[in-house]
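K.L.:
Taking the working numbering, I'd label the letters of the first sequence as residues 5 to 540.
Beta carbons are placed, not taken as given, at the ideal position from N, Cα and C, and that holds for glycine.
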Amino acid sequence: MRGRAKEVNEIVSQVVSEVNSWPRERQVSVLEKRWPELLESRKKTEERKTLPPLKNVERFEIVKTRFAPNPDGALHLGSAEPIIFCDEYAKMYDGRFILRFEDTSPDVKTPITEIYEWIEEDLEWLGVKVDEIYIQSDRIDIYYEYAVRLLDMGSAYVCTCASQAFKEFYMAKEACPCRSNSSEENLERWMKMLDGTFKKGDAVVRIKTDLEHPNPAVRDWPALRIAEGVHPRQGDKYRVWPLYNFSCAVDDHEMKVSHIIRGKEHEVNTTRQRYLSDHLGWEFPEIINIGRLGLEVGVLSKSKIRSGIEDGSFTGWDDPRVGTLRSLKRRGLQPETIREVMIQVGPKPINATLSWDHIASVNRKIIEPRARRFTFVRDPVNLKVTGILGEHDVRLPSHPDHPEWGSRDYSVRADKGEAEFVVSGEDAEKMKVDGFARLMGLFNIEITHLGPGGIHARFHSKSHQEARELDFPFVHWLPSGVGIQARVVMPDASTAQGLAEEECQGLKEGSIIQFERFGFVRIDSESPFMAYYTHR
RNA sequence: GCUCCGGUGGUGUAGUCCGGUCAAGCAUUCCGGCCUUUCGAGCCGGAGAUCCCGGGUUCGAAUCCCGGCCGGAGCACCA
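1. Rounded to the nearest angstrom, what separates Cys180 and Val132 at their Cα positions?
2. Taking the DSSP output, what are the residues bridged to Val389?
3. Going by DSSP in three states, His406 sits in which element: helix, strand or coil?
4. Taking Cβ positions, are Asn60 and Ser109 nearer each other than 9 Å?
5. Where do the ends of the alpha helix (DSSP H) carrying Met534 lie?
6. Taking all protein chains shown into account, decide if Leu79 is buried (16 or more other Cβ within 10 angstroms of its Cβ) or exposed.
7. What residues in its chain sit with their C-beta under 8 Å from that of Glu136, if we drop five residues either side in the sequence?
8. Look up Lys68 in the DSSP assignment and say whether it is helix, strand or coil.
9. Specify the secondary structure class of Gln4 as computed by DSSP and reduced to three states.
10. Find the nearest neighbour of Lys420 within the set Arg462, Ser402, Asn386, judged by alpha-carbon distance.
11. With H, G and I counted as helix, E and B as strand and the rest as coil, what does DSSP make of Asn249?
12. Assuming Arg376 is part of the beta strand (DSSP E), what are its boundary residues?
13. Checking 9 Å against the spacing of the C-beta atoms, do Ala207 and Cys163 come in under that value?
14. Got a sec? Which residues, its chain only, sit under 6 Å from Leu337 by beta carbon, not counting five neighbours each side?
15. Measure the C-alpha to C-alpha separation of Asn448 and Pro373 and round it to an integer number of angstroms.
16. On the CB-based measure, 16 or more other CB atoms within 10 Å of its CB, does Trp409 come out buried or exposed?
17. Find the nearest neighbour of Gly327 within the set Val67, Gln469, Arg442, Ser83, judged by alpha-carbon distance.
18. Considering just the uninterrupted stretch of the beta strand (DSSP E) at Asn293, what are its terminal residues?
19. By the 10 Å Cβ neighbour count, where 16 or more other Cβ atoms means buried, how is Lys333 classified, buried or exposed?
20. In whole angstroms, what separates the C-alpha of Gly316 from that of Ser498?
21. Taking the runs of the beta strand (DSSP E) that are 3 residues or longer, which of them lie wholly in the region 193-269?
22. Going by DSSP, which residues form a beta bridge with Ser3?
23. By Cβ distance below 7 Å, which residues in the same chain neighbour Val437 in space, the five residues on each side in sequence not counted?
24. Okay, do the region 337-355 and the region 278-288 touch, 3+ Cβ pairs below 8 Å being the bar?
25. From Ile363 to Asp528, what distance separates their C-alpha atoms?
26. Would you identify the three-state DSSP class for Gly82, choosing helix, strand or coil?
27. When the Cα atoms are used, what is the spatial distance from Gly267 to Ser402?
28. Quick one: any contact between the region 138-149 and the region 244-253, if contact means 3 or more CB pairs under 8 Å?
29. Return the residue from the list Leu154, Pro483, Ile119, Gln501 that minimises the CA-CA distance to Glu430.
30. In the DSSP assignment, find the unbroken alpha helix (DSSP H) run with His283 in it and report its ends.
31. Using a Cβ-Cβ cut-off of 6 Å (strictly less than) and excluding sequence neighbours within five positions of Gly298, which residues of its own chain qualify?
32. Are the beta-carbon atoms of Arg265 and Pro353 separated by less than 9 Å?
33. Measure the C-alpha to C-alpha separation of Gly77 and Ala471 and round it to an integer number of angstroms.
34. Among Asp413, Ile116, Asp156, which residue has its Cα nearest to the Cα of Gln238?
35. Report yes if the C-beta distance between Thr390 and Phe519 is below 9 Å; otherwise report no.
36. I'd like to confirm the pairing. Which residues does DSSP put opposite Gly455 in its beta bridges?
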């Protein structure tokens, strides 16, 4: 066959062109008769993409996932990735989704009181079904119990070495002097951590691991330390706080988490936590490492957003320039969009950079069928048209695919053949003398004069078809004197100003509309009218 | 430096575990056409990838093996 590829190629192209010349009905009927399976396989590709199956589900009674944020900043698009995966899997396997606030760092990543609520709101907005909620700062006594038990077992010790000194020991794969202390001695030192004899930085509880471990960061890692800051929920009730690896490992076991979906930056932590799990003889959950998600535009980093708010360069956690869920919501992004995009990316260990174009496209497919159309004339410029014959009644449909939604009707009556309009500044700039344009839905004009007072034009023709054939630019317009003042906050936080149709006044906050030839926007405030730009 | 993980069109992904049906699917992007009174929306069509490089195994590799290059994450008394 290979040797006669040329001949084969010729025959194939002959047959293909013959079949292509058939009408569609004949093509389909031949297929149905002779190869019906080919028609079926076409449907299959249309199925919605889903997440790959979870591994080792049978190891656990029930699939339990958990999302464990630190409430020190609002959730952002990057946070949405593990959230969606956890939620999807919990639902897929009839399991449970746990929300766990990891607020055990009063000194370094101080929790913010209102963020706890925001996170719950954002989760609800995303359509996540939360089955259990825990707050780690309410569970300190549980961590203390385990600490005492490990100290008593000889699996942990209280280390009073300065961190630099300790580092030298572990880099040399050597034990620090504290490691060999008796459990009595350790328990005594533990009491000194609790009662304030030891000050911040004086002592830390370490979990014994393997001093020979190739990764130095794994060797005898710290589990609890002294922090003297005031906690927003607990005040100064506690001075010894668990570190991430300790509270996390304890809770994942206590809460019977089956599958941990976490960023791959936690890989070393997984290794650390296995040691604790082994000391206590626990089953270790399945781990799924996912890559970091970047957004090509918009700031995702919590600390950057926080400092930007503090220095005034951002207006708040929902500034349009930041990638928080609150900001995306305010801009009109739909929760279904976020879910779909995350499923498309999938739980993989590679770092993906999401393009805004792609997100916008997914979102557009969702909002386009339900967005009513309106006119918004940005930076209005006057346009006087002469030579108009008769009256012109215009019906602009609220949605081209939904005639039942009604229309916006305008009756243009010319006074001595003249009528005045406004068009957007951007369109006006493109107009040249002797150029043409079509006022959408109305009629076509020929530009006669450009002046400081506006644009002068004369009536050219009525037909839409003609405008298309002659390739006239289509511009949107409003009759002079109608419309309400409107502002649209753009993605860069600048504001577009102009006139919107009066009907916009009645729109409820939160509704999504399309300003024709401008873009989709979400109504942020009815009066005064203000919207946020979603995407084109 | 050390530990680990990746490299498929401009971008994001499918396929890689269990080699062939993959000269590679989907989406985005760009271009063209259509919507017979609406657009930058929608619908239809087209363009765009020697599957990081080199070698090996095999009748056959994006898929397996070895080497290289490039990129990322981690190496806190943060989470």
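P.N.:
Concretely, from the data shown:
1. The straight-line gap from Cα to Cα measures roughly 47 Å.
2. Ala423, Ala461
3. coil
4. no
5. Here Met534 belongs to no alpha helix (DSSP H); instead the beta strand (DSSP E) covers 534-539.
6. buried
7. Arg100, Phe101, Ile102, Leu103, Met259
8. strand
9. No answer is possible for residue 4: the residues shown for the chain start at 5 and end at 540.
10. Arg462
11. helix
12. 376-378
13. yes
14. Asn367
15. Separation of Asn448 and Pro373 (C-alpha to C-alpha, rounded to the nearest whole angstrom) is 29 Å.
16. exposed
17. That would be Ser83, whose Cα lies nearest to the Cα of Gly327.
18. 290-294
19. buried
20. 15 Å
21. 208-211, 226-230, 244-246, 263-267
22. Outside the modelled stretch of the chain, which goes from 5 to 540, sits residue 3, for which no answer is possible.
23. Ile451, Thr452, His453, Leu454
24. no
25. 21 Å
26. helix
27. 45 Å
28. yes
29. When each option's Cα is compared against that of Glu430, the closest is Gln501.
30. 271-283
31. Thr357
32. It should be noted that the sequence gives Ile, not Arg, for residue 265. Contact: no.
33. 53 Å
34. Ile116
35. no
36. Gly458
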